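First the structure, in the form of structure tokens, and then the observations on it.
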Amino acid sequence: MTVNPPLPGPRVSDAAHPFDKPSADIILRSSDLVDFRVYSQILIAASPFFEGLFLVPQPPDEEQPRNYGLPIIEVSEDSETLDYLLRLCYPVKKPQVVALEVIEPILRAAMKYEMELADTLLTKILVDNLAYQYPLEVWAIGCRLRREDIASVGGERLARTYATPGGNRSFLHSLERSISDLEGVTAGQLFRVFHYTGCSLEGIGTPDFRFIDPPPTANVVGYLEEDFPSTSPLHTFADISSVDVSCRSSDGVVFHAHQAVLGAASSVLRTKVAQLATGAIGESGELESQRSRPSNLESPLPVLQFEETSQVLPHLLSCCYPGLIPSSLSNLPQLVTLISAAARHDIALARPALLIQWSKVASTNPLRAYFIAIQAGDTTCAKEAARHVLRGPITGVYMCEMESSPALAYQRLLSYYQSCKDLAQRDLMGKISLHLESTSPTPFDKTGPLGRKNLKGRRPASPPAGNRCVEEPWIQTYTKNLWTSLEHQPDPSLLPTVEQLFIASTSGDNRPWCRSCRDVASALIERSDEFKALRDAMEKVIFTGGEEDIKE
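Numbering (full-length UniProt numbering), first residue to last: 1 to 552.
Below, the structure is given as structure tokens:
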């Protein structure tokens, strides 16, 4: 019989000078299999990390991997990073300034190996040179490395660039062109730099401002919420004799259900139930089933293992039963977990009702609901929460969930909010400007809406003394006030219907109705149609938060 020789392993190459000297006494092997022959004494002098490593007793020589007779230490850095880092430690000519995408992993390695000289040199390059040209990138590097000294320089430079009227909007547009720079940055860190860039120039340079972590006074404790009810509708009949399967949660709590019901509600569960019938659960499943015996049954039940906790699993099982879908759940994290679990198990019956509950609960604190949905990986719930965010201000609003959410998700939300606000205000400003610049006749002009030309021979009314309608028409004042409201609440539902316009025009001291301005009614109807068109356009603004925002 022919035996094939073993396949050759990955090829290892040697590093360039000066890391190829035969007199070296140790090898550092990079992640891409390049061997650097180095002097341990130089590493000891440059790095307390390696000094401590070499003090640890080593295994016998025959048990150590070797090359050129030298012991090998495998490191996680690639050869480009390792070469630059070692040159900073060696008594050789120092390399030139490197690109931002290269300097970050080198500085990360210098911090990891506690190489003070390399750390100092690289930090100086970032804060003294690159921060002026690439402030956003330097701030982001500081955030990812958790280096306040670096992040603060980049953040202050950003603030000086955008500390002008409309600066936050310009900063937001710049973020849209630099999405990749937000990788590894949290929403909380983006919130702080966004807030800082909105300061006046006098406020820049506040000594106690921190970009990486929230201040001690921030709301970092979170919300105290009621857990899901300890029982679900499923408990009302779970102990009857017809149950034929035990469902075990990730924390070991067992609930009983009916195989036929689970299989009918979910294709995923139907497959699992079929595996039970064929004995595919294996020995461990059989052992567990011995422990899963309802008090009123003589024989043990087969066990289905679930990854959901005992707080969520009974409600998930209830979702399989028509009429037992939970309807009064208020805990945001657990509710979105249940919605995600129902989607994962393909329980289509329950999804519409659960999403209605989510919309209702999320409306009470939409910004927090948005980040909870992002962390849970549920894009549908995140989009619904984002729509509710439009109903209030977003600038300066902080949630502790931002500290564990990706910055990209926050950037998407800010862009969506700004797009809706810009669309609404641009449209309304056009209507206001059109009125101010209009040369159309007043209602009392003979050629105007109430003039002879439009009254078919009837005599036009004369303006009574002190008539308010000779001043700015009520509808224009109303539109200006609406424009102001949309500045901090770009919610399409604020745009009134024709019925709401009539109610507003006749309430309080408004009452713009008189014989000489009956065209107000026509203006209200026309403006209502315009508002409806704008409302429809705003609702079509696409929220682009997608899977790439989830769980970075």
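Just so you know, even glycine gets a beta-carbon here, dropped at the ideal spot from N, CA and C.
None of these values were measured; they are calculated from a predicted model.
Using C-beta distances below 8 Å, list every residue in its chain close to residue i, excluding the 5 sequence neighbours before and after it, in chain order.
{"i": "T544", "result": "R412, S415, Y416"}
{"i": "residue 553", "result": "This structure cannot speak to residue 553, because the chain is shown only from 1 to 552."}
{"i": "H345", "result": "S266, V268, L269, L316"}
{"i": "S327", "result": "A353, Q357"}
{"i": "R11", "result": "L33"}
{"i": "S419", "result": "V541"}
{"i": "L524", "result": "I475, V498, L501, F502, S505"}
{"i": "Q64", "result": "Q58, P71, I72"}
Would you check if the distance between the CB atom of residue i and the CB atom of residue j is smaller than 9 Å?
{"i": "V273", "j": "V245", "result": "yes"}
{"i": "I42", "j": "Y90", "result": "yes"}
{"i": "I73", "j": "R29", "result": "yes"}
{"i": "S79", "j": "V34", "result": "yes"}
{"i": "L172", "j": "Y134", "result": "no"}
{"i": "F211", "j": "G155", "result": "yes"}
{"i": "residue 553", "j": "L85", "result": "Because the chain is modelled from 1 through 552, residue 553 falls outside the range shown and cannot be assessed."}
{"i": "S13", "j": "S76", "result": "no"}
{"i": "F49", "j": "S40", "result": "no"}
{"i": "L324", "j": "I339", "result": "no"}
{"i": "Y136", "j": "S170", "result": "The sequence given here has Leu at residue 136, not Tyr. Contact flag unset, no."}
{"i": "G184", "j": "R144", "result": "yes"}
{"i": "S330", "j": "V361", "result": "yes"}
{"i": "P322", "j": "A424", "result": "no"}
{"i": "P490", "j": "S528", "result": "no"}
{"i": "D61", "j": "F19", "result": "no"}
{"i": "R368", "j": "E401", "result": "yes"}
{"i": "A409", "j": "A382", "result": "yes"}
{"i": "E530", "j": "D422", "result": "no"}
{"i": "residue 554", "j": "D208", "result": "Since the displayed the chain opens at 1 and closes at 552, residue 554 lies outside it and no answer follows."}
Cutting at 7 Å between CB atoms, please list the residues of its own chain near residue i, excluding the five before and the five after it.
{"i": "S47", "result": "Y113, E114, M115"}
{"i": "G405", "result": "Residue identity check: residue 405 is Ser in the sequence provided, not Gly. T186, A187, F371, I374, Q375, listed in sequence order."}
{"i": "V253", "result": "S310"}
{"i": "H17", "result": "none"}
{"i": "P59", "result": "none"}
{"i": "P333", "result": "I372"}
{"i": "A110", "result": "L85, A118, D119, L122"}
{"i": "K21", "result": "R37"}
{"i": "G396", "result": "H195"}
{"i": "A341", "result": "E308, V312, L316"}
{"i": "R192", "result": "F211"}
{"i": "R66", "result": "I72"}
{"i": "S363", "result": "H388"}
{"i": "P95", "result": "Y84, R87"}
{"i": "Q305", "result": "R248"}
Classify residue i as buried or exposed, calling it buried when 16 or more other Cβ atoms lie within 10 Å of its own Cβ.
{"i": "I150", "result": "buried"}
{"i": "A533", "result": "exposed"}
{"i": "S23", "result": "exposed"}
{"i": "E384", "result": "buried"}
{"i": "I103", "result": "buried"}
{"i": "L182", "result": "buried"}
{"i": "T337", "result": "buried"}
{"i": "M538", "result": "buried"}
{"i": "Y68", "result": "exposed"}
{"i": "T278", "result": "exposed"}
{"i": "M429", "result": "exposed"}
{"i": "residue 557", "result": "Since the displayed the chain opens at 1 and closes at 552, residue 557 lies outside it and no answer follows."}
{"i": "L190", "result": "buried"}
{"i": "A45", "result": "exposed"}
{"i": "G142", "result": "buried"}
{"i": "residue 553", "result": "Residue 553 lies beyond the stretch modelled for the chain, which goes from 1 to 552, so this question has no answer here."}
{"i": "H488", "result": "exposed"}
{"i": "P393", "result": "exposed"}
{"i": "S249", "result": "buried"}
{"i": "V97", "result": "exposed"}
{"i": "S152", "result": "buried"}
By Cβ distance below 6 Å, which residues in the same chain neighbour residue i in space, the five residues on each side in sequence not counted?
{"i": "K93", "result": "none"}
{"i": "P366", "result": "A385, H388, V389"}
{"i": "L175", "result": "Q411"}
{"i": "A350", "result": "C319, I325, A342"}
{"i": "I27", "result": "D35, R37, N67, L70, I72"}
Within 9 Å of any Cβ in chain C, is that where the Cβ of residue i sits?
{"i": "Y113", "result": "Of the protein chains in this structure there is only one, and it is not chain C."}
Which one or two residues does DSSP pair with residue i in a beta bridge?
{"i": "A257", "result": "V245"}
{"i": "L304", "result": "C247"}
{"i": "T479", "result": "According to DSSP, which records beta bridges pairwise, T479 is partnered with nothing at all."}
{"i": "S13", "result": "V34"}
{"i": "T120", "result": "None; T120 has no bridge partner."}
{"i": "T186", "result": "P406"}
Point to revise | Residue ranges of each alpha helix (DSSP H) within the region 355–409, 4 or longer | key: Listed in chain order, the complete alpha helix (DSSP H) runs (minimum 4 residues) inside the region 355–409 are 366–376, 379–389.
Exercise for review: May I have a chain-ordered list of the beta strand (DSSP E) segments no shorter than 3 residues that lie completely inside the UniProt domain "BTB" (24–90)?
Suggested key: Considered as a whole, the UniProt domain "BTB" (24–90) harbours 26–29, 34–38, 70–74 as its complete beta strand (DSSP E) runs of no fewer than 3 residues, in chain order.
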